[in-house]
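Here the structure comes first, spelled out in structure tokens, and everything after it is commentary.
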Amino acid sequence: MSYMQPNQTIVNSSGAGSAGYYALQANPSPHPATMHVEMPPYWHLRDGRLAKRVPRSQRFSPSQQSFPGITFSSDGWCGVRVTDILHNRASIDCPTDTVFAHHGWRATNLSLEWPGYLSGSSDASRCRLYTHVKNSPMTREQFALRIAQLIQNLHNRALDKPVRVGYEDWAFSKNRVRLSDVYILSAHYYRNVWVPELYVINMD
Numbered sequence: 000m001s002y003m004q005p006n007q008t009i010v011n012s013s014g015a016g017s018a019g020y021y022a023l024q025a026n027p028s029p030h031p032a033t034m035h036v037e038m039p040p041y042w043h044l045r046d047g048r049l050a051k052r053v054p055r056s057q058r059f060s061p062s063q064q065s066f067p068g069i070t071f072s073s074d075g076w077c078g079v080r081v082t083d084i085l086h087n088r089a090s091i092d093c094p095t096d097t098v099f100a101h102h103g104w105r106a107t108n109l110s111l112e113w114p115g116y117l118s119g120s121s122d123a124s125r126c127r128l129y130t131h132v133k134n135s136p137m138t139r140e141q142f143a144l145r146i147a148q149l150i151q152n153l154h155n156r157a158l159d160k161p162v163r164v165g166y167e168d169w170a171f172s173k174n175r176v177r178l179s180d181v182y183i184l185s186a187h188y189y190r191n192v193w194v195p196e197l198y199v200i201n202m203d
């Protein structure tokens, strides 16, 4: 029987406890929404899990944005979990920024554009968004909550209901996409509507 010497052991140079791991934790990647390019198809979250981007129409591309998007991160790590926002467990960076104040709007539109479900003025994935809360300008944290509430609304109405052919993997159900699987990375404005960038874990 042969024995392996300690110096022959192969270790994960970036695994937990390694210098690479701590360097990564201390230096999260720049938010992809600030790079003015198409959002990546996958994104590694703070805990190392891989999240998959929710697909959307080609008309919602960086070149079609009216101005820079609004980002959501926690301790520098982009992406905030929907259920953490809904249960007041999320620590969102720059939470009190009044993200709409410089636009001078009283209201705007918000649409999830979730694949497989209809997107119209009366469906559960779209709403009119008022930019003041109790006579004060809406903050980044409040905007994140409104997006999370709209996702929850769509989830509750669409749960276990059929979706269009080809989008079965994106259906809301306990065996497919659960509310706790969804993360909000940012939101972008296209002509007359805000569309959030959403990512989902446990897709592969």
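Just so you know, we're using numbering that gives the first Met the number 0 here: the sequence shown kicks off at 0 and counts up by one.
Glycine included, C-beta positions come from ideal geometry on N, C-alpha and C.
Exposure of residue 142, with buried meaning 16 or more beta-carbon neighbours within 10 Å: Along the sequence shown, read from residue 1 onward, the residue named residue 142 stands at position 143. Flag for residue 142 reads buried.
Cβ-Cβ separation, residue 184 to residue 198 (assumed contact under 8 angstroms), whole Å: The sequence position of residue 198 within the sequence shown is 199, counting from 1. The sequence position of residue 184 within the sequence shown is 185, counting from 1. 6 angstroms between Cβ atoms; contact.
Given 8 angstroms, three or more beta-carbon pairs between the region 72-89 and the region 99-112: no
Cβ distance (whole Å) where residue 163 is taken to contact residue 129 below 8 angstroms: If you number the sequence shown from 1, residue 163 lands on position 164. If you number the sequence shown from 1, residue 129 lands on position 130. Actually they are not in contact, since the Cβ atoms of residue 163 and residue 129 sit about 31 angstroms apart, beyond 8 angstroms.
Rounded C-alpha distance that separates residue 192 from residue 107: On the sequence shown, residue 192 is found 193 positions in, with the first residue counted as 1. On the sequence shown, residue 107 is found 108 positions in, with the first residue counted as 1. Cα to Cα, residue 192 sits roughly 7 angstroms from residue 107.
With 16 other Cβ atoms within 10 Å as the buried cut-off, status of residue 36: Residue numbering aside, residue 36 sits at position 37 when the sequence shown is read from its first letter. The residue in question, residue 36, is exposed, as its Cβ has fewer than 16 Cβ neighbours within 10 Å.
Complete alpha helix (DSSP H) runs within the region 48-96 (minimum length 4 residues, chain order): 81-85
Assigned secondary structure, residue 109 (DSSP; H/G/I helix, E/B strand, else coil): The sequence position of residue 109 within the sequence shown is 110, counting from 1. Note: residue 109 maps to strand in three-state DSSP.
Residue 171 - DSSP class collapsed to helix/strand/coil: Sequence index remark: in the sequence shown, residue 171 carries index 172 (1-based). The answer is strand: DSSP assigns residue 171 an E or B state.
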